[in-house]
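What follows is a single structure, written as structure tokens, with notes after it.
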Amino acid sequence: MSRVCRLQEWMQAQGLDGFLTCDNINRRYLTHFSSSAGWAAVTLKDMTFFCDSRYTTAAEAQAKDCSVMEVKSFADAIFHWTEENNLCRIGIEASRLTLSTYNALKEKLGEERLVASEDPIVQLRMVKEAEELNSLTRAAQLADEAWAELLQEPWQGRSEKALAWRLEQLLREKGAERLSFETIVASGINGACPHAEPSDRLIQKGDLVTVDFGCVVDGYCSDMTRTVAVGNPNDEAKYWYESVLQAQTKAVEAVFEGASAKEVDALSRRILKEAGLDQYFGHSLGHGVGLEIHELPNLSPKSDTVLKEGMVVTVEPGVYLPQKGGVRIEDTVIVSADGCRLLTHSPKVLTIL
Ligand code: ZN
Ligand code: ZN
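Here the sequence shown stands for residues 0 to 352, where the numbers follow numbering that gives the first Met the number 0.
What follows is the structure, encoded as structure tokens:
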């Protein structure tokens, strides 16, 4: 079933006769066409992609399941679309629309016709199609290859920023469109901050270095974290590493169709509790990955999701000890009927550079 058909089913269930999105990601998902502006306008029978002249030719060639209409004014076009189709209840995305765009719609269409919805398309995006899995697989492969090359180079004496830049170069050279997010390189005590920005700190002997990074292929993101040691780490750091590795591998084993996202998160927390480290694990275990680096479903104590085949999630426990350092290990996996398949394959035994 096409993406727009699945949205139309949802619209029908909600009693909506129209749906509008101008969100770059959700519009791209529905139309299979990437642009920085435009609207996907969906009725119960069809979809129109309203674009400006910059995108007409490319959209006519690439967009799927919609008719492409070049317009001068989006507000006027949407008004005519509403009138022509006699629409009374039009869903809009509460969490993705800016207030100014909402006000412009309200002025043209009238407030009573607009129905604020939570993010239905992000729900549709949770289970990936074969084509999406291919792109995610390729993005993860590039990341694995770039990582393997970076491990061949000397790290000691280079700054966190220099390592982040080198990794970006390697990813780009291998064909990545861009980074999924700004690379995190956290060495020594900087490892105590889960989302540390790369600094000018030089990597020293004895450091653990946490690198969290990803790249984009066909719009799809990869996400992986590895922590390596430069020279022999002390026993405490080795203990953090082995504990996080155990929590990570056990949690990966607990990911399968029908598993509760909350339970998988809880399992990793139990293992770190037994190691006496759970108080240093503050974030959720993982998140969905796709066109966006963070999407649904979450593996967290608050999640009610039951995992389904084709969902793609990260499994990334970590411990962060103030003034000392930290460890995080992250893989991205595809949920399947009898377990899960790793997208990221870089070795997880403690690498000592
Ligand atoms: Zn990550
Ligand atoms: Zn992540």
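Don't be surprised by glycine CBs; every beta carbon is placed ideally from N, CA and C.
Euclidean distance between Cα positions of Leu298 and Gly174: Along the sequence shown, read from residue 1 onward, the residue named residue 298 stands at position 299. Along the sequence shown, read from residue 1 onward, the residue named residue 174 stands at position 175. Their Cα atoms are separated by approximately 30 Å.
Inter-residue Cα distance where the pair is Ser52 and Met46: Translated into positions along the sequence shown, residue 52 becomes position 53. Translated into positions along the sequence shown, residue 46 becomes position 47. The alpha-carbon atoms of Ser52 and Met46 are separated by roughly 19 Å.
Nearest by alpha-carbon distance to Ile328: which of Asp64, Asp118 and Thr224 is it? Counting from one through the sequence shown, the residue named residue 328 turns up at place 329. Nearest C-alpha to Ile328: Thr224.
Going by C-alpha distance, which of Glu159, Gln247 and Ser221 is nearest Leu207? If you number the sequence shown from 1, residue 207 lands on position 208. It is Glu159 whose Cα lies nearest to the Cα of Leu207.
Quick one, which of Ala228, Glu176, Ser72 and Glu82 has its alpha-carbon nearest Leu352's? As a working note, residue 352 is residue 353 in the sequence shown. Nearest of Ala228, Glu176, Ser72 and Glu82 to Leu352, Cα basis: Ala228.
What does a CB cutoff of less than 6 Å around Lys105 pick up in its chain, not counting 5 residues either side in sequence? Position 106 of the sequence shown, counted from the first residue, corresponds to residue 105. Excluding residues within five positions, none has a Cβ falling inside 6 Å.
Beta-carbon contacts of Gly14 that lie in its chain and below 7 Å, excluding the five residues immediately before and after: Along the sequence shown, read from residue 1 onward, the residue named residue 14 stands at position 15. Within the same chain, Gly14 has close Cβ partners Arg88.
According to DSSP, Phe48 sits in a beta bridge with which residue or residues? As a first step, residue 48 must be located in the sequence shown, where it is residue number 49. Paired residues: Ala39 and Val67.
Leaving aside the five residues before and after Leu29 along the sequence, list all residues of the same chain whose C-beta is less than 8 Å from its C-beta, in chain order. Taking the sequence shown and counting its residues from 1, the one referred to as residue 29 is at position 30. If we look at Leu29 and ignore the five residues flanking it on each side, its Cβ neighbours are Arg2, Val3, Leu6, Thr20, Ala39, Val41, Met46, Asp64, Cys65 and Ile120.
Flag Thr313 as yes when its Cβ comes closer than 7 Å to any non-hydrogen atom of ligand 2, and as no otherwise. As a working mapping, residue 313 is identified with position 314 in the sequence shown. For ligand 2, at least one heavy atom lies less than 7 Å from the Cβ of Thr313.
Taking 7 Å as the cut-off, is the C-beta of Glu196 nearer than that to any heavy atom in ligand 1? Position 197 of the sequence shown, counting from 1, holds the residue named residue 196. No, ligand 1 has no heavy atom inside 7 Å of this Cβ.
Would you call the stretch 305–319 and the stretch 276–292 in contact, with 3 or more CB pairs under 8 Å? yes
Quick check on DSSP: helix, strand or coil for Pro296? The sequence position of residue 296 within the sequence shown is 297, counting from 1. Looking at Pro296 - three-state DSSP - the assignment turns out to be strand.
Could you pull the start and end residues of the beta strand (DSSP E) that Met223 belongs to? One-based indexing of the sequence shown puts residue 223 at position 224. Start and end: Met223 to Val229.
Just checking Asp222 against ligand 1 - is the residue's beta carbon closer than 7 Å to any of the ligand's heavy atoms? Numbered from 1 along the sequence shown, position 223 holds the residue referred to as residue 222. It does: the Cβ of Asp222 is within 7 Å (strictly closer) of some heavy atom of ligand 1.
Which of the three DSSP states, helix, strand or coil, is assigned to Met10? What you label residue 10 is simply residue 11 of the sequence shown in a count that begins at 1. The answer is helix: DSSP assigns Met10 an H, G or I state.
Taking the alpha-carbon positions, what's the Arg27 to Phe48 distance? Here residue 27 refers to the residue found at position 28 when the sequence shown is read from its first residue. Here residue 48 refers to the residue found at position 49 when the sequence shown is read from its first residue. Using only the alpha carbons, I get a separation of about 10 Å.
Under the criterion of a Cβ to heavy atom distance below 7 Å, does Glu172 qualify as lining ligand 2? Start at 1 with the first residue of the sequence shown, and residue 172 comes out as number 173. False, no ligand heavy atom lies under 7 Å from that Cβ.
Taking buried to mean at least 16 other C-beta atoms within 10 Å of its own C-beta, is Gly156 buried or exposed? Counted from its first residue, the sequence shown places residue 156 at position 157. Exposed, by the Cβ-count rule.
Leaving out five residues on either side along the sequence, give the residues of the same chain with a beta carbon under 6 Å from the beta carbon of Ser34. Locating residue 34 in the sequence shown gives position 35, where the first residue counts as 1. Within the same chain, Ser34 has close Cβ partners Tyr54.
Please report the residue range of the beta strand (DSSP E) in which Glu315 lies. One-based indexing of the sequence shown puts residue 315 at position 316. Looking at the DSSP string, Glu315 is not in any beta strand (DSSP E), and its letter there is neither H nor E.
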